[in-house]
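S.K.:
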Amino acid sequence: MATETMSPEEQNKAPGYEELVQRFRAKVASIPEECHEAIMLWKMAKEVQFARIAAENNLRQVVETGKRVFWGDELPESIRNCMVKGDNKYYEMLRQQEDAFVRAAEKHFKETRWYNEVAIPAAEGFGLGPVLAGEFLWTIGCASRFPSFGRIVKYAGLDVTPEGQAPKRKKGAKVTWSPQLRTALFKLTEVWNRNPECIWRARWEGYKAFYRDKYPEKETYEEKKTRYNDGHIHNMARRKVQREFLRNLYTLWLEYEQEKDR
Numbered sequence: 003m004a005t006e007t008m009s010p011e012e013q014n015k016a017p018g019y020e021e022l023v024q025r026f027r028a029k030v031a032s033i034p035e036e037c038h039e040a041i042m043l044w045k046m047a048k049e050v051q052f053a054r055i056a057a058e059n060n061l062r063q064v065v066e067t068g069k070r071v072f073w074g075d076e077l078p079e080s081i082r083n084c085m086v087k088g089d090n091k092y093y094e095m096l097r098q099q100e101d102a103f104v105r106a107a108e109k110h111f112k113e114t115r116w117y118n119e120v121a122i123p124a125a126e127g128f129g130l131g132p133v134l135a136g137e138f139l140w141t142i143g144c145a146s147r148f149p150s151f152g153r154i155v156k157y158a159g160l161d162v163t164p165e166g167q168a169p170k171r172k173k174g175a176k177v178t179w180s181p182q183l184r185t186a187l188f189k190l191t192e193v194w195n196r197n198p199e200c201i202w203r204a205r206w207e208g209y210k211a212f213y214r215d216k217y218p219e220k221e222t223y224e225e226k227k228t229r230y231n232d233g234h235i236h237n238m239a240r241r242k243v244q245r246e247f248l249r250n251l252y253t254l255w256l257e258y259e260q261e262k263d264r
């Protein structure tokens, strides 16, 4: 049923089980067949990860009220000690299950052409491990569904609004990009940012220098605030390297699909 012909009540209704199953099957079908086993293991690892983080948050709220766990957080010793004592065997079970699924997914990903001929070369050999590669595979699925690089840039939320700004969430409005893909790109660039010897980090620093020369701090907006402060420059350069990686990924992915279809 087309959205235009649906009532507001029907549009806001949560999808039923059958619809969710159909969506899941369609999603898996869009992924290269050689990656099916790896992506299913990756997906199971992600589901267990969500449960583990929920358990960590519950424990954190008991030990340190008000603090939450985010991706990449290093848990304090007080939380780690609490997790392995008393009634916290559930958490340890989740951690072991997640590790097992991650290791299995990594093994299968490393045996696929997609990972070795698309994912690794796109990142130029740095920072994109099998688990993070699964994020891109799951959110994109098939590169050829984007008729141009500009379309996948918009899907990743890396386009620019008519006002010259990055698209942002607005209250009451649906996002026009994939939050999952945008998050995956952020995670990847954070890996680069933490490694000073990474070639992508060097490019990032180069773009920051370029933008600072182009937009010196003495320029002001409405004579009240700096037009481009260091945070703006940092994020502008981040988006630039994200687009470079995405172009690599898109180009190599299309070549992989075209060769596979011959």
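Residues in the sequence shown are numbered from 3 upward in steps of one, following this note's numbering. Glycine included, every Cβ here is placed at the ideal spot set by N, Cα and C.
#1: Quick check on the DSSP output: what are the complete alpha helix (DSSP H) runs of length 4 or more inside the region 165-208, in order along the chain?
#2: Between P198 and G129, what straight-line distance do the alpha-carbon atoms span, to the nearest angstrom?
#3: Less than 8 Å between C-beta atoms, sequence neighbours within five positions excluded: which residues of the same chain meet that for A102?
#4: If distances are taken between C-alpha atoms only, which option among E219, M238, L190 comes closest to E207?
#5: Roughly how many angstroms lie between the CA atoms of K48 and W116, to the nearest whole one?
#6: Drop a sphere of 10 angstroms on the beta-carbon of E219, count the other beta-carbons inside from all chains shown, and report buried for 16 or more, exposed for fewer.
#7: Below 8 Å on the Cβ atoms is my contact criterion, and I expect Y217 with Y230 to pass it. Report the Cβ-Cβ distance as a whole number of Å.
#8: Sorted by chain position, which residues of the same chain lie with C-beta nearer than 8 Å to D232's C-beta, five sequence neighbours on each side aside?
#9: Could you check whether E36 and T114 sit closer than 8 Å to each other, using their CB atoms as the reference points?
#10: How would you label W73, buried or exposed, when you count the other beta carbons within 10 angstroms and need 16 or more for buried?
#11: Short of 7 Å in beta carbon distance, which residues of its chain neighbour V50, apart from the five on each side in sequence? Order them along the chain.
#12: Given this structure, state the Cα-to-Cα distance separating H349 from V155, to the nearest angstrom.
#13: Between which two residues does the alpha helix (DSSP H) holding V120 run?
#14: Assuming F111 and A40 make a contact with CB atoms under 8 Å, what is their CB distance in whole Å?
#15: Kindly give me the distance between the Cβ atoms of A145 and R184, rounded to whole angstroms, as I take these residues to be in contact under 8 Å.
#16: Kindly list the residues whose CB is nearer than 7 Å to the CB of R171, restricted to its own chain and excluding five residues on each side of it in sequence; keep chain order.
#17: So W44 and V120 are in contact, right, with Cβ under 8 Å, and what is the actual spacing, rounded?
#18: Buried or exposed: which applies to E58, given that a residue is buried once 16 or more other Cβ atoms fall within 10 Å of its Cβ?
#19: From the DSSP output, in three-state form, read off Y230 for me.
#20: Among the candidates A106, A28, K91, G18, whose CA atom is the shortest distance from the CA of M46?
#21: If we count the other Cβ atoms within 10 Å of its Cβ and call it buried at 16 or more, is V243 buried or exposed?
#22: When you compare the CB positions of L241 and L190, do they come within less than 8 Å of one another, or not?
M.R.: Walking through what the data contain:
#1: Secondary structure in the region 165-208: the alpha helix (DSSP H) runs of 4 residues or longer, each lying completely within the stretch, are 181-195 in chain order.
#2: As a working mapping, residue 198 is identified with position 196 in the sequence shown. As a working mapping, residue 129 is identified with position 127 in the sequence shown. Approximately 12 Å between the Cα atoms of the pair.
#3: By 1-based counting over the sequence shown, the position of residue 102 is 100. The beta carbon of A102 sits closer than 8 Å to no other beta carbon from its chain once the five residues preceding and following it are set aside.
#4: The count along the sequence shown starts at 1 and reaches residue 207 at position 205. The residue with the shortest Cα to Cα distance from E207 is M238.
#5: As a working mapping, residue 48 is identified with position 46 in the sequence shown. As a working mapping, residue 116 is identified with position 114 in the sequence shown. One Cα belongs to K48, the other to W116, and the distance between them is close to 20 Å.
#6: Indexing the sequence shown from 1 puts residue 219 at position 217. Exposed, by the Cβ-count rule.
#7: Within the sequence shown, residue 217 is the residue found at index 215, counting from 1. Within the sequence shown, residue 230 is the residue found at index 228, counting from 1. Sure, about 4 Å apart at Cβ, within 8 Å.
#8: If you number the sequence shown from 1, residue 232 lands on position 230. The answer is none, since no qualifying residue turns up.
#9: As a first step, residue 114 must be located in the sequence shown, where it is residue number 112. As a first step, residue 36 must be located in the sequence shown, where it is residue number 34. Going by C-beta atoms, T114 is nearer than 8 Å to E36.
#10: The residue labelled residue 73 in the question sits at position 71 within the sequence shown. Model confidence at W73 stands at a pLDDT of 47, short of 50, so the residue's coordinates are unreliable; what they give is reported in the following sentence. By the 10 Å Cβ count, W73 comes out exposed.
#11: Locating residue 50 in the sequence shown gives position 48, where the first residue counts as 1. Here the set comprises L96, Q99, E100, F103.
#12: Residue 349 is absent from the model: the chain starts at 3 and stops at 264.
#13: Within the sequence shown, residue 120 is the residue found at index 118, counting from 1. Per DSSP, V120 belongs to no alpha helix (DSSP H) and is neither H nor E.
#14: Sequence index remark: in the sequence shown, residue 111 carries index 109 (1-based). Sequence index remark: in the sequence shown, residue 40 carries index 38 (1-based). With a Cβ gap of about 4 Å, F111 and A40 count as contacting.
#15: On the sequence shown, position 143 is the one that residue 145 refers to. On the sequence shown, position 182 is the one that residue 184 refers to. In fact, because the Cβ distance is near 17 Å, the residues do not count as touching under 8 Å.
#16: Position 169 of the sequence shown, counted from the start, is the residue given in the question as residue 171. Counting only Cβ-Cβ distances below 7 Å, and skipping sequence neighbours, we find V177.
#17: Here residue 44 is taken as the residue at index 42 of the sequence shown, counted from 1. Here residue 120 is taken as the residue at index 118 of the sequence shown, counted from 1. So it is not a contact: roughly 16 Å between Cβ atoms.
#18: For the purposes of this step, residue 58 is taken as residue 56 along the sequence shown, with counting starting at 1. When all chains shown are included, E58 counts as buried.
#19: On the sequence shown, residue 230 is found 228 positions in, with the first residue counted as 1. Coil, per DSSP.
#20: Along the sequence shown, read from residue 1 onward, the residue named residue 46 stands at position 44. Closest by alpha carbon: A106.
#21: Within the sequence shown, residue 243 is the residue found at index 241, counting from 1. Burial call: buried.
#22: Reading the sequence shown from its first residue, position 239 is the one you call residue 241. Reading the sequence shown from its first residue, position 188 is the one you call residue 190. One point to set straight first is that residue 241 is Arg, not Leu, in the sequence displayed. Cβ distance not < 8 Å, so R241 and L190 don't count as in contact.
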